[in-house]
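Chemist: I have a structure here, written as structure tokens, and I will follow up with some questions on it.
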Amino acid sequence: MSTQSLTPARKEAVSVVRGDNPIRGLQNDVNRLFNDFFGDLSFPSWDNFFGDRFTSALSMKMPALDLRESDKAYTLVAEVPGMQAKDIQVSTADGCITLAGEKSESHETRDKDYIRQERSHGSFRRVVPMPADADIDNVKAEMKNGLLTLTIARKAEDSTKSRKVDIRELA
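Quick note, in UniProt numbering, the sequence shown goes up one by one and the last residue is 171.
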């Protein structure tokens, strides 16, 4: 018996699921079951019918972040796919940077056999504590291709902050 005969045949590509979202994994499992059941019945693919609207709203809860440092600045990159600059607010307070965003979508598809209407709403809020030498009053933000990039200048080292204290020995 060959290994190939034990492997089920698939017509569609299997999507890779990130391990940090159990609901997305559950949805993919249910979609796969429905696709296997309805696969030969001229019914549109379950994945194509529902799309990724449900899980995309859930994935907005906590955008992935990268924080890098250089000699002159910190760079904070947040993944916010499908969002525009007008959907996101960036604020600073108490040594932290707060990212918040909200997005609503509505889609309608008409076919001869059905009408599909979808609405989704998602929001996120993430507070990022910054290192002590981050100048949170000097932040620049740019948005491109679903990536929000914040550049936070570093405060110049102040040589007056530290000084040697002589110890006087008492008799």
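A virtual CB, placed ideally from N, CA and C, is assigned to each residue, including glycine.
In the DSSP output, which residue or residues are listed as bridge partners for R168?
Modeler: In the sequence shown, the residue the question calls residue 168 occupies position 168. According to DSSP, R168 bridges with nothing at all.
Chemist: Taking C-beta to C-beta, are Y74 and A134 nearer than 8 Å?
Modeler: Within the sequence shown, residue 74 is the residue found at index 74, counting from 1. Within the sequence shown, residue 134 is the residue found at index 134, counting from 1. Yes. Within cutoff.
Chemist: Could you have a look at G95 and say whether DSSP puts it in helix, strand or coil?
Modeler: Indexing the sequence shown from 1 puts residue 95 at position 95. G95: coil per DSSP, three-state reduction.
Chemist: Quick one: is A78 buried, meaning 16 or more other Cβ sit within 10 Å of its Cβ, or exposed?
Modeler: Mapped onto the sequence shown, residue 78 falls at position 78. So A78 counts as buried.
Chemist: Measure from the C-beta of A85 to each C-beta in chain C and report whether the shortest distance is under 8 Å.
Modeler: Within the model displayed, chain C is absent; a lone protein chain is all it includes.
Chemist: Who are the near neighbours of T7 in its chain, counting only those whose CB is closer than 8 Å to its CB and skipping five residues on each side?
Modeler: Residue mapping note: residue 7 aligns to position 7 of the sequence shown, counting from 1. For T7, the pLDDT reaches just 42, beneath the cut-off of 50, and the residue's location in the model is therefore unreliable, although a value from the coordinates is still provided. Within the same chain, T7 has no close Cβ partners at all.
Chemist: Determine whether the beta carbon atoms of R126 and P63 lie at a separation below 8 Å.
Modeler: By 1-based counting over the sequence shown, the position of residue 126 is 126. By 1-based counting over the sequence shown, the position of residue 63 is 63. Against a cut-off of 8 Å, the Cβ pair of P63 and R126 comes out as a contact.
Chemist: Grab me the residues of S2's own chain with a C-beta within less than 8 Å of its C-beta, minus the 5 sequence neighbours each way, in chain order.
Modeler: Here residue 2 refers to the residue found at position 2 of the sequence shown. Any reading at S2 must be qualified, since the residue scores a pLDDT of 43, below 50, and its modelled position is unreliable; no value is offered.
Chemist: Which two residues bound the contiguous beta strand (DSSP E) that contains A141?
Modeler: Counting from 1 along the sequence shown, the entry for residue 141 is found at position 141. Note, A141: beta strand (DSSP E), A134 to K144.
Chemist: Alpha carbon to alpha carbon, what distance is there between M83 and V90?
Modeler: Mapped onto the sequence shown, residue 90 falls at position 90. Mapped onto the sequence shown, residue 83 falls at position 83. Cα-Cα distance, rounded: 14 Å.
Chemist: Could you tell me if G101 is buried or exposed, where buried requires 16 or more neighbouring beta carbons within 10 angstroms of its beta carbon?
Modeler: Here residue 101 is taken as the residue at index 101 of the sequence shown, counted from 1. It counts as buried.
Chemist: Provide the residue(s) that pair with E102 in DSSP beta bridges, ordered along the chain.
Modeler: Against the sequence shown, residue 102 aligns to sequence position 102. Answer is S123.
Chemist: Could you compute how far the alpha carbon of D87 sits from the alpha carbon of P22?
Modeler: Counted from its first residue, the sequence shown places residue 87 at position 87. Counted from its first residue, the sequence shown places residue 22 at position 22. Taking the straight line joining both Cα atoms gives about 26 Å.
Chemist: For Q84, which residues does DSSP report across the bridge?
Modeler: Position 84 of the sequence shown, counting from 1, holds the residue named residue 84. In the DSSP output, where bridge partners are listed per residue, Q84 has none listed.
Chemist: Leaving aside the five residues before and after M130 along the sequence, list all residues of the same chain whose C-beta is less than 8 Å from its C-beta, in chain order.
Modeler: As a working note, residue 130 is residue 130 in the sequence shown. Excluding residues within five positions, the ones whose Cβ falls inside 8 Å are Y74, G95, C96, I97, I136 and I152.
Chemist: Going by DSSP, what residues sit across from I115 in a beta bridge?
Modeler: Stepping through the sequence shown from its first residue, residue 115 is reached at position 115. R110.
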